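Peer 1: Before we start, here is the structure in question, set down as structure tokens.
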Amino acid sequence: MKIKRLNLYTYILYIMLAAYMLGPALSFKVGVPRIDNPLTLIFVLLGFVVFFLESKHIPRKIFAMLCALTAMCIWPAIHMGITSLTPTQYMDILFFMAVPAFFYLFYQVLKRADDPLRTIQKFLVVFTLFIAVPPFAELATGIQFVSASDELAIDEGSLKGLFFNPNNLAATAVCLAPAILFFFQLQGRKHKEKLLGWGLFLLLGMAIFASVSRTAIGCYLLILLVYTAYRKNGFITVGVAGLLALVLSMIPSRAIAEFLLSLNGNQFLERFSSRVYLFLYDLGSDNSVSYRQEIYNYFWNNPPLLLTGYGPKNFREYFGGHLSDSLGFENPHSFIIELYLGFGMISLLGFIAFVACYFLYTASNRAVTGKSRVLAWVALGIFLLAGFIPSTILRMPFIWLPCLLIFIYSVFVAPKLKDMAAYAYNETLYDTKKPS
Numbered sequence: 001m002k003i004k005r006l007n008l009y010t011y012i013l014y015i016m017l018a019a020y021m022l023g024p025a026l027s028f029k030v031g032v033p034r035i036d037n038p039l040t041l042i043f044v045l046l047g048f049v050v051f052f053l054e055s056k057h058i059p060r061k062i063f064a065m066l067c068a069l070t071a072m073c074i075w076p077a078i079h080m081g082i083t084s085l086t087p088t089q090y091m092d093i094l095f096f097m098a099v100p101a102f103f104y105l106f107y108q109v110l111k112r113a114d115d116p117l118r119t120i121q122k123f124l125v126v127f128t129l130f131i132a133v134p135p136f137a138e139l140a141t142g143i144q145f146v147s148a149s150d151e152l153a154i155d156e157g158s159l160k161g162l163f164f165n166p167n168n169l170a171a172t173a174v175c176l177a178p179a180i181l182f183f184f185q186l187q188g189r190k191h192k193e194k195l196l197g198w199g200l201f202l203l204l205g206m207a208i209f210a211s212v213s214r215t216a217i218g219c220y221l222l223i224l225l226v227y228t229a230y231r232k233n234g235f236i237t238v239g240v241a242g243l244l245a246l247v248l249s250m251i252p253s254r255a256i257a258e259f260l261l262s263l264n265g266n267q268f269l270e271r272f273s274s275r276v277y278l279f280l281y282d283l284g285s286d287n288s289v290s291y292r293q294e295i296y297n298y299f300w301n302n303p304p305l306l307l308t309g310y311g312p313k314n315f316r317e318y319f320g321g322h323l324s325d326s327l328g329f330e331n332p333h334s335f336i337i338e339l340y341l342g343f344g345m346i347s348l349l350g351f352i353a354f355v356a357c358y359f360l361y362t363a364s365n366r367a368v369t370g371k372s373r374v375l376a377w378v379a380l381g382i383f384l385l386a387g388f389i390p391s392t393i394l395r396m397p398f399i400w401l402p403c404l405l406i407f408i409y410s411v412f413v414a415p416k417l418k419d420m421a422a423y424a425y426n427e428t429l430y431d432t433k434k435p436s
């Protein structure tokens, strides 16, 4: 039986998502080798094959985005020939190279799908469940799914699900949240779709709060506020938010501090309460904040001029002797800094082109509503902020999927559907006017 290309490409996308989500857990719990490593190599090679087989008549906007992603993600492969890489660094580059492969295969799938929106919604449901369910399965069973250092173990109240640390969980969940609103609330056609969308959005929010990432929690609340205010009842929403802020400001700070400190007896609430307490009352003692400031300040004051960069997670030559800890030699806690130091000017220009293509093409597109365009920009803004949450996103190619899906839908799928609807309307009008 002949397999349709649509089905083949769809299966490949789901297999890669499952490999990235389950690979570390299967390795830790079952002892099998990491399945995501060899599958990534095959996936990247397959991406090149599909491009050469399916490269005819690529829409200009899709091709422009593909070029930007290629410059950003494929240029780093130069280090496979000029830099002595460890196996981990080699895989860092390969995982990053999977981003344009994801983009192009999704374009091929949505180009062929009878119902592209339904196809995207199904994928996002599976993606959300992979992200949001495992942390609460950890909490319910006490079983840790992936390896972690002692301070990030389940016994210390750290919930991370299928991710290596809570920050990776938080970054992925908060990047997916605006895409859920975009595809279910704004593009959804049925009440059931919108209801499911709110359920998924709430589930992601629960995972974000469980991660205790202050940046991610703030971004999630901002998404909800912007969507609610811009969707309808904007004045009422802003007024209620302002009133709530006023009420909170009237609560004595000592009472809030004592309440947060009182939660320290619970292992799962202690991590949350301590991080909020440091943020509100003792930010100078928060090592995670002060160390990031060291990295950002040094980079801002001493920007290097790099063509190829130092290679992935190889920044000792640049940061050595200038930071209070060696963690930044591999993980600078900023995707833009990591991208430039690791792979140089070409990759950075590719990233700038990605942002420019995304913003300009969604802004000029009239096939989606103004509300959809605003939410698309919110998704991009949240993605840019999320780049500061995890230690690195090189190993998380799936974190790019929400923005890439919104882009493909906005600049390719929506105009196509609009043209088809206009054609069907004109045909109906012609048939009604045709003399019998």
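Residue numbers (the UniProt record's numbering): 1 to 436. The beta carbon of each residue, even a glycine, is placed where N, CA and C say it ideally should be. Everything numeric in this text was worked out from a predicted model, so none of it was measured.
1. Starting from Ile-82, trace the alpha helix (DSSP H) in both directions and tell me its first and last residue.
2. So is Met-16 buried or exposed if we call it buried at 16+ other beta carbons inside 10 Å?
3. Excluding five sequence neighbours on each side, which residues of the same chain lie with their C-beta closer than 6 Å to the C-beta of Arg-395?
4. I'd like the list of long-range same chain contacts for Tyr-227, defined as Cβ closer than 7 Å, with 5 residues on each side in sequence excluded.
5. Nearest to Tyr-104 by alpha carbon, out of Ser-147, Lys-56 and Arg-34?
6. Is the region 319-334 close to the region 357-373, with three or more CB pairs under 8 Å?
7. Would you identify the three-state DSSP class for Leu-307, choosing helix, strand or coil?
8. Quick one: what does DSSP say Phe-315 is sitting in, helix, strand or coil?
9. With a 10 Å radius around its C-beta and 16 neighbouring C-beta atoms as the bar for buried, classify Leu-45 as buried or exposed.
10. Using CA atoms only, rank isn't needed, just tell me which of Tyr-409, Leu-417 and Lys-418 is closest to Ile-62.
11. Which term fits Gly-142, buried or exposed, when burial requires 16 or more other beta carbons within 10 angstroms of its beta carbon?
12. Using a threshold of 8 Å, state whether the C-beta atoms of Ile-120 and Gly-161 are closer than that.
13. Using 10 angstroms around the beta-carbon of Asn-426, count the other beta-carbons present and answer buried if the total reaches 16, otherwise exposed.
14. Closest by CA to Ala-353, which one among Thr-10, Phe-28, Ala-71 and Ser-84?
15. Measuring only the C-alpha atoms, how far is Leu-124 from Thr-83?
16. Reducing DSSP to helix, strand and coil, say where Pro-332 ends up.
17. Can you tell me whether DSSP reads Pro-76 as helix, strand or coil?
18. Considering just the uninterrupted stretch of the alpha helix (DSSP H) at Thr-119, what are its terminal residues?
19. What is the residue span of the alpha helix (DSSP H) that Tyr-20 lies within?
20. In this structure, does DSSP put Met-65 in helix, strand or coil?
21. For Ser-27, collect the residues of the same chain with a Cβ closer than 6 Å to its Cβ; drop the 5 residues on either side in sequence, then sort them by chain order.
22. Does the pairing of the region 138-156 with the region 377-394 give three or more beta-carbon distances under 8 Å?
23. Please check if any C-beta of chain B sits within less than 8 Å of the C-beta of Ser-147.
Peer 2: In brief:
1. For Ile-82, the enclosing alpha helix (DSSP H) stretches over residues 79-82.
2. Classification for Met-16: buried.
3. Answer for Arg-395: Phe-95, listed in chain order.
4. For Tyr-227, where only same-chain residues beyond five positions count, the Cβ hits under 7 Å are Leu-181 and Leu-375.
5. Comparing C-alpha distances from Tyr-104 to each of Ser-147, Lys-56 and Arg-34 shows the shortest one belongs to Lys-56.
6. Under the three-pair Cβ rule at 8 Å, the region 319-334 does not count as touching the region 357-373.
7. Coil at Leu-307, not helix or strand.
8. Under the three-state reduction of DSSP, Phe-315 is assigned to coil, being neither helix nor strand.
9. Here Leu-45 is exposed. Its C-beta has fewer than 16 other C-beta atoms within 10 Å.
10. The residue with the shortest Cα to Cα distance from Ile-62 is Tyr-409.
11. Exposed.
12. Using a Cβ distance threshold of 8 Å, Ile-120 and Gly-161 do not count as a contacting pair.
13. Because the pLDDT at Asn-426 is just 47, under 50, the model does not fix this residue reliably, and the value given afterwards should be weighed accordingly. Flag for Asn-426 reads exposed.
14. For Ala-353, the closest of Thr-10, Phe-28, Ala-71 and Ser-84 by C-alpha to C-alpha distance is Ala-71.
15. Rounded to whole angstroms, the separation of the alpha carbons of Thr-83 and Leu-124 is 37 Å.
16. Pro-332 falls in the coil class under three-state DSSP.
17. Pro-76: helix per DSSP, three-state reduction.
18. From DSSP, the alpha helix (DSSP H) with Thr-119 extends over 116-141.
19. Residue range 5-29 is occupied by the alpha helix (DSSP H) that includes Tyr-20.
20. Three-state DSSP puts Met-65 in a helix.
21. So the qualifying residues of the chain are Arg-34.
22. Short answer: they don't touch.
23. Protein chains in the displayed structure number just one, and chain B is not present.
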